[in-house]
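Enquirer: Quick one: the structure is below, and I'll ask about it shortly.
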Amino acid sequence: MTHACYSAVSEVLNFGAVVAQRSLAFRLNSKFPFKFACRQIHMDNKYNSDSRGALIVLEGLDRSGKTSQSSRLLSYLEGLGYPVESWRFPDRNTGVGQMISSYLSNKSQLDDHAIHLLFSANRWEKRALMENKLRSGTTLIVDRYSYSGVAFSSAKGLDIEWCKAPEMGLLAPDLVLYLDLPPENAAERGGYGGERYEQLEFQRKVAQSYQCLRDASWKIIDGCLSVEEVEKQLREIVISCVMMCQKGKSLSQLWSS
966 MTHACYSAVS EVLNFGAVVA QRSLAFRLNS KFPFKFACRQ IHMDNKYNSD
1016 SRGALIVLEG LDRSGKTSQS SRLLSYLEGL GYPVESWRFP DRNTGVGQMI
1066 SSYLSNKSQL DDHAIHLLFS ANRWEKRALM ENKLRSGTTL IVDRYSYSGV
1116 AFSSAKGLDI EWCKAPEMGL LAPDLVLYLD LPPENAAERG GYGGERYEQL
1166 EFQRKVAQSY QCLRDASWKI IDGCLSVEEV EKQLREIVIS CVMMCQKGKS
1216 LSQLWSS
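According to our numbering, numbering within the sequence shown proceeds without interruption in unit steps and concludes at 1222.
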């Protein structure tokens, strides 16, 4: 194992130590919603009405078209003159990301709880940069985010609230675009089966987990439509979100209430 990987392991162990505390805090705050209401007011005051970029996330099963549509949205917004970047999780270029990549390609084995914390830590590695980009006016198109982490881990049988706990404190997306494609259709697409999670029965469980995570920020898109029709629908939704954030929509945190 490289020095970078040893450092990554150390970071993740430290990161995992706070998960139990967050999980307990989640349960306590669920009983005392006033505390969370105060927290949200604090967030609204901290992130004032300044114009900013939008945090737009694409979610869906493996091979549902997220990466292709992320690229198309990037080109569309660039063509309109908006500052925009395309991100993807997991980010396999970091020390933590390299460990995740090895796991996904079946080159290493890890406990389900451990790999979940690695995925979460990978998102935390980019949290500060993400906020800086958004506050500077750059819109981020993100291929997979915390919802993927929770959906995939809970599909393995892990408690969904435990899965959410290490994600609390990350930025909440302004818009989640869920490409709704039946697992059977996804399995027929090219390249399916190349990584650990690309198994039909498991993808069915992931689809069920996703349904438990939907909230007001989600827009469900029929992934069975043509690439062009999906892109057309996404454009209309995305441009409205970007304009709203330019008008000063405040940032918030994931699962803070």
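Each residue gets a CB set at the ideal place from its N, CA and C atoms; glycine is no exception. It should be emphasised that the depicted structure is a prediction, and the values quoted were computed from it without experimental measurement.
Just list the residues that DSSP pairs residue 1050 with in beta bridges.
Expert: The residue you call residue 1050 lines up with position 85 of the sequence shown. Per DSSP, 1105.
Enquirer: Kindly identify the DSSP beta-bridge partner or partners of residue 1207.
Expert: The count along the sequence shown starts at 1 and reaches residue 1207 at position 242. For residue 1207, which the question treats as bridged, DSSP gives no partner whatsoever.
Enquirer: Would you tell me roughly how many angstroms separate the C-alpha atoms of residue 1024 and residue 1138, rounded to the nearest one?
Expert: Here residue 1024 is taken as the residue at index 59 of the sequence shown, counted from 1. Here residue 1138 is taken as the residue at index 173 of the sequence shown, counted from 1. Their Cα atoms are separated by approximately 11 Å.
Enquirer: List the DSSP bridge partners of residue 1022.
Expert: In the sequence shown, counting from the first residue as 1, residue 1022 sits at position 57. DSSP output for residue 1022 lists 1107 and 1141 as bridge partner(s).
Enquirer: Quick check: the Cα distance between residue 1165 and residue 1026, rounded to an integer number of angstroms?
Expert: If you number the sequence shown from 1, residue 1165 lands on position 200. If you number the sequence shown from 1, residue 1026 lands on position 61. Straight-line Cα distance between these residues: approximately 10 Å.
Enquirer: Touching or not, the stretch 1173 to 1182 and the stretch 1050 to 1069, by the rule of three or more beta carbon pairs under 8 Å?
Expert: Judged by Cβ distances under 8 Å, the stretch 1173 to 1182 makes no contact with the stretch 1050 to 1069, as fewer than three pairs qualify.
Enquirer: Whole-angstrom Cβ separation of residue 1189 and residue 1018, contact assumed at under 8 Å?
Expert: By one-based count along the sequence shown, residue 1189 stands at place 224. By one-based count along the sequence shown, residue 1018 stands at place 53. About 31 Å separates the two Cβ atoms, so there is no contact after all.
Enquirer: Whose CA, out of 1100, 1141 and 1075, lies closest to the CA of residue 1161?
Expert: One-based indexing of the sequence shown puts residue 1161 at position 196. If we check each option's Cα against that of residue 1161, 1075 comes out closest.
Enquirer: List, from N- to C-terminal side, the alpha helix (DSSP H) runs of 4 residues or more that fit wholly inside the stretch 1160 to 1201.
Expert: 1165 to 1176, all fully within the stretch 1160 to 1201.
Enquirer: Report buried or exposed for residue 1208, applying the criterion of at least 16 other Cβ atoms within 10 angstroms of its Cβ.
Expert: Position 243 of the sequence shown, counted from the start, is the residue given in the question as residue 1208. Exposed: under 16 other Cβ atoms inside 10 Å.
Enquirer: Please state whether DSSP places residue 1083 in a helix, a strand or coil.
Expert: For the purposes of this step, residue 1083 is identified with residue 118 of the sequence shown, where counting begins at 1. Helix at residue 1083.
Enquirer: Would the stretch 1076 to 1083 and the stretch 1118 to 1132 be scored as touching if the rule is three or more Cβ pairs under 8 Å?
Expert: Touching, yes, given that three or more Cβ pairs across the two stretches are closer than 8 Å.
Enquirer: Assuming the contact rule is C-beta atoms closer than 8 Å, residue 1042 and residue 1103 should be a hit. Round their C-beta distance to whole Å, please.
Expert: As a first step, residue 1042 is located in the sequence shown; it is residue number 77 there, counting from the start. As a first step, residue 1103 is located in the sequence shown; it is residue number 138 there, counting from the start. In fact, because the Cβ distance is near 10 Å, the residues do not count as touching under 8 Å.
Enquirer: Are residue 1062 and residue 1097 touching if we call contact CB-CB under 7 Å?
Expert: Here residue 1062 refers to the residue found at position 97 of the sequence shown. Here residue 1097 refers to the residue found at position 132 of the sequence shown. Contact flag unset, no.
Enquirer: Do residue 1067 and residue 1073 count as a contact pair if the criterion is CB distance below 7 Å?
Expert: Working through the sequence shown from its first residue, we reach residue 1073 at position 108. Working through the sequence shown from its first residue, we reach residue 1067 at position 102. In this structure, residue 1067 lies closer than 7 Å to residue 1073 by Cβ.
Enquirer: The alpha helix (DSSP H) spanning residue 1032 covers which residue range?
Expert: Numbered from 1 along the sequence shown, position 67 holds the residue referred to as residue 1032. Its alpha helix (DSSP H) spans residues 1031 to 1044.
Enquirer: Taking the alpha carbon of residue 1195 as the reference point, which residue from 1015, 1036 and 1049 has its own alpha carbon closest?
Expert: Residue mapping note: residue 1195 aligns to position 230 of the sequence shown, counting from 1. For residue 1195, the nearest C-alpha among the options comes from 1036.
Enquirer: Of the residues 1124, 1186, 1220 and 1151, which one's Cα is nearest the Cα of residue 1180?
Expert: Counting from 1 along the sequence shown, the entry for residue 1180 is found at position 215. When each option's Cα is compared against that of residue 1180, the closest is 1220.
Enquirer: So residue 1145 packs on residue 1186, CB below 8 Å; how close in whole Å?
Expert: Walking along the sequence shown from the start, residue 1145 turns up at place 180. Walking along the sequence shown from the start, residue 1186 turns up at place 221. With a Cβ gap of about 6 Å, residue 1145 and residue 1186 count as contacting.
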